[in-house]
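Residue numbers for the sequence shown follow my numbering, beginning at 813 and rising by one. Glycine included, every Cβ here is placed at the ideal spot set by N, Cα and C. To keep things clear, I will list the structure first and then write my remarks on it.
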Amino acid sequence: MNLIAALFASLCLCALVYQFSAIIALICFRRRPLPSCQSGVWPGISLLKPVRGLEQDSYDCLASFIRQDYPARQILFGVADPTDPILPLLRDLQATFGEVDIRVVICPQELGMNPKVSTLRQLLPLAVYDYILISDSDVRVRPDALRVLAGALQDPKAGLATCLYRPGPVDTNGAALEAMTISTDFIPSVAMAYYVEDIRFALGAVMALSQETLERIGGFEGIADHLADDYQLGLRVSEAGLQVQLLPYVVETNNRRETVMGYLAHQLRWARTYRVCRPKSYLAYGITLAFPWGVLAWSASAFAPWAGCLALGCLLVRFWAGLVAHYYCLASPLPWRYWLLFPIKEICAFALWVLSFLGNEISWRGQRYRVAPDGRLKKVKES
């Protein structure tokens, strides 16, 4: 065995230890009880919903927040473009659910680099309740979601409540790769973080906090130029001495028509942002990608049988961890045939991890940005 092969093999073993630990963390996290409202009083909640574009699942996703089993709620849909094709659907929701306080708000101002945060800043003055819920437009929830989140915020130490999300139905290979990335890379790392460190981030699919807490951490203005607005909210809540409550409750995101190129662009954008926000954690994340290290060990050993067995073992353990996350922890509906793409997903994850260190520029909504060392976005001038 040469030195390089031994190094790669050692990284494989480290990754395998992590994978087994992640499996245990996922199982334990899934078994945690959900919070409940001890006082029996349900505070009102204002839902702030930035919306952009019309998708196949838009109606079901948005309607799921209207159909909540919750007594006092207000729903504010914010749309930046007055010609957005989602507007007729929002008007239809208003008419269909006339008994619910629903407002459709045009938010034309550009208040910072992050369009989502810009819309939130324009919606916030219209919120009538102290508790606010922030959610992406492609998220679908069960009717008890508001009760679970409000119950978590009843804890005096809680500053923000957030929860896991699972991928919804997929129609393309790109969407399947995205789904597997969520299940096998992201969610296990979140479960591990819950048990080995304080949670200092939020998950952007669903976040709930009070207006008092939001004001205490500097409001939306402080994160207006950050792409990772969810990470920044969680970090600032934690720095204010409050807890981020990560709940064993699962919501669903829907992006069923993602292309492979769209998937790669999204993952590179996420990777470079994550690297800037949490450099040490991101470096460690690359070491957890067991299968590529196994392939490198196999290549460096001149394709020795022992290294080939190690690479195969790494792939199988990663696959096992993915199945535990996907079907046990998240109960996600990914058809089995898409798991044939799993080895490709593993190689893509490693390649994107390497590429993330080769620059700070990202592409987002047709615009090039540079991610500054503090996580802020700066537009790249056309040359």
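Contact holds between the segment 1001-1020 and the segment 937-952, because three or more Cβ pairs, one in each stretch, are under 8 angstroms apart.
Secondary structure of G986 (DSSP, three-state): helix. When the Cα atoms are used, D956 and P883 turn out to be separated by approximately 11 angstroms. Its Cα nearest to that of Y977, the residue I999 stands out among P1185, I999, N985, A988.
Taking 8 angstroms as the cut-off, the Cβ atoms of R952 and N1067 do not count as close. Within its own chain, the residues whose Cβ lies closer than 6 angstroms to the Cβ of Q1057, once the five positions on either side in sequence are excluded, are A964, A970, A973, listed in chain order. Going by C-alpha positions, A817 is about 53 angstroms away from R933.
DSSP places R1012 outside both helix and strand once states are collapsed to three, so it counts as coil. For H1138, the CB contacts under 7 angstroms within the same chain, skipping 5 residues up- and downstream, are S995, S1144, L1146 in chain order. Its Cα nearest to that of G1098, the residue W1165 stands out among W1165, L866, P927. The C-alpha of P927 is placed about 19 angstroms away from the C-alpha of I887. In this chain, the alpha helix (DSSP H) harbouring L1076 covers 1072-1089.
W1118 sits in a helix when the DSSP states are folded into three classes. Separation of the CB atoms of T931 and P862 is rounded to 4 angstroms, and the pair is thereby assigned contact status at 8 angstroms.
Looking at the backbone, the Cα of A1020 and that of L859 are separated by about 9 angstroms. Under the three-state reduction of DSSP, I898 is assigned to coil, being neither helix nor strand. Counting every other CB atom within 10 Å of its CB across the protein chains shown gives G1053 a total below 16, marking it as exposed. In the structure shown, I914 adopts extended strand secondary structure according to DSSP, grouped into three states.
Approximately 5 angstroms separates the beta-carbon atoms of V916 and F889; this is inside 8 angstroms, confirming the contact.
In this structure, C849 sits near Q966, with a CB-CB distance shorter than 8 angstroms. Counting only runs that start and end inside the segment 929-1003, the beta strand (DSSP E) elements of at least 3 residues fall at 943-947, 970-979.
Within 10 angstroms of the beta-carbon of Q921 lie fewer than 16 other beta-carbons, which makes it exposed. Non-local beta-carbon contacts of G1030 in its own chain, meaning distances under 7 angstroms to residues more than five positions away in sequence, involve R1048 in chain order. Per DSSP, the unbroken beta strand (DSSP E) holding G890 starts and ends at 885-891. The alpha-carbon separation between F909 and I878 amounts to approximately 8 angstroms. Apart from sequence neighbours up to five positions away, the residues of its chain that approach A987 with a beta-carbon distance below 8 angstroms are P979, N1067, R1068, R1069, E1070, Y1075, ordered along the chain.
By the Cβ test, the segment 1153-1160 is not in contact with the segment 1175-1191, since fewer than three Cβ pairs between them sit closer than 8 angstroms. With 16 or more other Cβ atoms from the protein chains shown falling within 10 Å of its own Cβ, F1103 counts as buried.
Among the bridge pairs identified by DSSP, A1005 is matched with none. Contact holds between the segment 830-838 and the segment 1001-1013, because three or more Cβ pairs, one in each stretch, are under 8 angstroms apart.
In this structure, DSSP gives R1068 a state outside helix and strand, which the three-state scheme calls coil.
Under a 10 Å Cβ-count criterion, P1117 is classified as exposed, with fewer than 16 other Cβ atoms of the shown protein chains found around its own Cβ.
Per DSSP, reduced to three states, the secondary structure at A1040 is coil, with no helix or strand assignment. In terms of CA proximity to V912, Q880 leads the group P937, Q880, P894. Per the DSSP secondary-structure output, M1019 pairs in a beta bridge with I946, T974.
C1126 sits close to L828, with the two beta carbons spaced by under 8 angstroms.
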